[in-house]
Structures are given as structure tokens and as C-alpha cells.
Amino acid sequence: MASDHKPTRGRAARRTSRAIGARAASAPEHADGSAQLTRAAENYLLSIFRVQEQNLRVTHHNLVDQLRRTPVSEGLGTSLPSVAGMLRRMQREGLIQFGDNREIELTGTGRTLAERMVRKHRLAERMVVDLLGLELHLAHVEAHRLEHAISDDLEPLIRAKLGDPTTCPFGHPIPGTGYRPPRRGSTRLDAVVPGKNVVIDRIPFEDQQLLEYLCGQGVLPGVKVRVEENAAYRGVVTLALETRQVVLGYEVAGRVWVTPDDGA
248 MASDHKPTRG RAARRTSRAI GARAASAPEH ADGSAQLTRA AENYLLSIFR
298 VQEQNLRVTH HNLVDQLRRT PVSEGLGTSL PSVAGMLRRM QREGLIQFGD
348 NREIELTGTG RTLAERMVRK HRLAERMVVD LLGLELHLAH VEAHRLEHAI
398 SDDLEPLIRA KLGDPTTCPF GHPIPGTGYR PPRRGSTRLD AVVPGKNVVI
448 DRIPFEDQQL LEYLCGQGVL PGVKVRVEEN AAYRGVVTLA LETRQVVLGY
498 EVAGRVWVTP DDGA
């Protein structure tokens, strides 16, 4: 005997589709209409931006290395399956694409969102240091906690309160301000000849122990130093500050950028 019941699979599928559509429609959006990202996606965009900022190719290896510098509190997995899965998801969402040799590239949308994320992070660093008086070596980790909570409405208020800064406390440019690090004369500290007077322009910020050491020694953006010794055979660079001498290993000196001291 034929059943009087009609198949319900089609109706169920339509209900599921409508539910998904409703959730998508109600998902939080930024002021420009773009959907908000998960915390993990924001951290991936920030990490991709940082790799590019260092003039490195965004390979899986370089990205994983950068992700591992993210504070443990962010809870990012860095195993190959975890990273590959996240990258596939970001590709589906139109944030990245894969170029030659599987190199990771930001799409137009991805770059816009990455710059937004980096801008909020570096404004958060400025806020906790300049307004709240947090010690500089703690700023990067604290900014990671705050960056995800800064809304598009709050960001311009923070920027105005800070006086529209163009760099983070470590000397790196804040995207969207129009500032670019000086190229002419800008060089790594390990390449400066002895006897040269220079000004610290940018310092590394992702190694908290190293950052605490640099801060404690006064090797900070804007500080004038004299290169007393550049001993490649010993792998050290010796700096003369106003009140002390500071010895840096070549690996560290290679991550500190300086500009000529025009007033010397």
C-alpha cells in the first residue's frame, strides 16, 4: 500500500539552509560590512603580515615559525595538520590564496583585514604603555589579549587619545597612518662599522626575555648609540650609550634596525 507521507528530506534541507543563512546574516560585522573573524583567523592574518613585513616568503615553514612566537595564551596549534586545515579554511573564506610553490598570499580582503588587525594590536601596545604605564617588555603580550576586543568604533577614539601615533612603542609602523620606515640609511645594527653614531629605529618584540634585556639596557627606539666594536670573529657588537656599554650577539644585532645620527 502506497504511503500518503511525502518525502521530508527536501523540506529538512531547506530548513537547514535557512538556518545557516539566518546565522550568517546575524553574524557580527565590521563597520565596512565585512564579517568578523575568529580569534584564530585574526592571529593567522597578523602572523602572515609579520612574515611579509620582514621581507620573507610566506611559506608554511616561515608561517609556522611566526605562529610559534605568538603568546601561549592565544592557544594556537602549530602542527602541520592544524596549520594546513586553518589555511584551507581561510582560502575558502577568500582571505588567502596559494601562489607559486604553494607560497601563501593575502587576497585584497585578507590584506585589508590583516592591516586592521595589526593596527589594533599596535594601538593596544601604545595604549598600555603610553596611557596605562605598563612596562614596555610586557606590552606585546598584553596587546594580544586586547586586540581582539577593540571594535571599529573604539579604535579611532584610542587613536585620537594617543595623539595619532604612527609607530608602536617598538618603532614598527602602524598600518593606515601612512608612515613607512626610513629606507635611506636604515640598516641592521650588525652591519654598522665601528665608530659610527646611529639612532635605534626598531627593535624585536616577540621574544619577551630578549625584549626585557634590551629595555633594561636602554636599547630603545629613539636612543642614540655609538658602535664601539663590530667583531664578526667573536660574533658581537658593542654599543656605547650615555652611561654604559652594551654587548649584543650578532643574531640579536641583526634584528635591531638603526638610522644615521644626523646630529652627530
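Be aware that the sequence shown starts at 248, since it is given in the numbering used here, and climbs by one per residue. Backbone N, C-alpha and C define an ideal beta-carbon position, used for all residues, glycine too.
Looking only at DSSP bridge pairs, what is residue i linked to?
i: VAL472; result: VAL445
i: PHE345; result: ILE351
i: PRO420; result: THR414
i: PRO507; result: VAL445
i: ARG316; result: DSSP output for ARG316 lists no bridge partner at all.
i: THR434; result: VAL505
Should residue i be labelled buried (16 or more other beta-carbon atoms within 10 Å of its own) or exposed?
i: MET408; result: Residue 408 is actually Lys in this sequence, not Met. Its Cβ having fewer than 16 others within 10 Å, LYS408 is exposed.
i: HIS308; result: exposed
i: PHE296; result: buried
i: ALA396; result: exposed
i: LEU327; result: exposed
i: VAL472; result: buried
i: VAL319; result: exposed
i: LEU404; result: exposed
i: GLY432; result: exposed
If you drop the 5 nearest sequence neighbours on each side, which residues of the same chain put their C-beta closer than 7 angstroms to that of residue i?
i: GLY290; result: Sequence check: residue 290 is Asn here, not Gly. Contacts found: THR317, GLU321, LEU323.
i: LEU293; result: ALA361, MET364, VAL365, HIS368
i: GLU394; result: MET364, LYS367, HIS368, ALA371
i: GLY304; result: The sequence given here has Arg at residue 304, not Gly. Only GLU350 meet the Cβ criterion.
i: MET333; result: ALA287, TYR291
i: VAL493; result: GLN464, VAL466, LEU486
i: GLY482; result: GLY496, TYR497
i: THR306; result: GLU350
i: ALA386; result: GLU372, VAL375, VAL376, PRO416
i: GLU389; result: VAL375, LEU381
If you draw a straight line from the C-alpha of residue i to the C-alpha of residue j, how long is it?
i: ARG373; j: CYS415; result: 6 angstroms
i: PRO468; j: SER398; result: 29 angstroms
i: PRO412; j: GLY380; result: 16 angstroms
i: ALA438; j: GLN338; result: 39 angstroms
i: THR356; j: GLU453; result: 26 angstroms
i: LEU353; j: GLU489; result: 44 angstroms
i: ARG406; j: ALA479; result: 42 angstroms
i: VAL499; j: THR424; result: 28 angstroms
i: ARG335; j: GLU402; result: 30 angstroms
i: GLN283; j: LYS443; result: 48 angstroms
i: TRP504; j: PRO420; result: 13 angstroms
i: GLY346; j: PRO428; result: 27 angstroms
i: ASP509; j: VAL446; result: 9 angstroms
i: VAL470; j: LEU461; result: 12 angstroms
i: LEU378; j: GLN299; result: 30 angstroms
i: GLN344; j: VAL474; result: 43 angstroms
Taking 6 angstroms as the limit between beta carbons, can you name the residues of its chain near residue i, skipping five residues before and five after?
i: PRO422; result: GLU362, VAL365, ARG366
i: GLY418; result: ASP448, ARG449, PRO468
i: GLU476; result: PRO441, THR485
i: GLU459; result: HIS384
i: GLY501; result: ARG435, ASP437
Tell me which residues share the same chain as residue i and place their Cβ nearer than 8 angstroms to its Cβ, disregarding the 5 neighbours each side in the sequence.
i: LEU314; result: ASN290, TYR291, SER294, LEU323, THR325, VAL330
Check: At which residue ranges does the region 452-504 contain complete alpha helix (DSSP H) runs of 4 or more residues, listed in the order of the chain?
Finding: 455-464, 497-500
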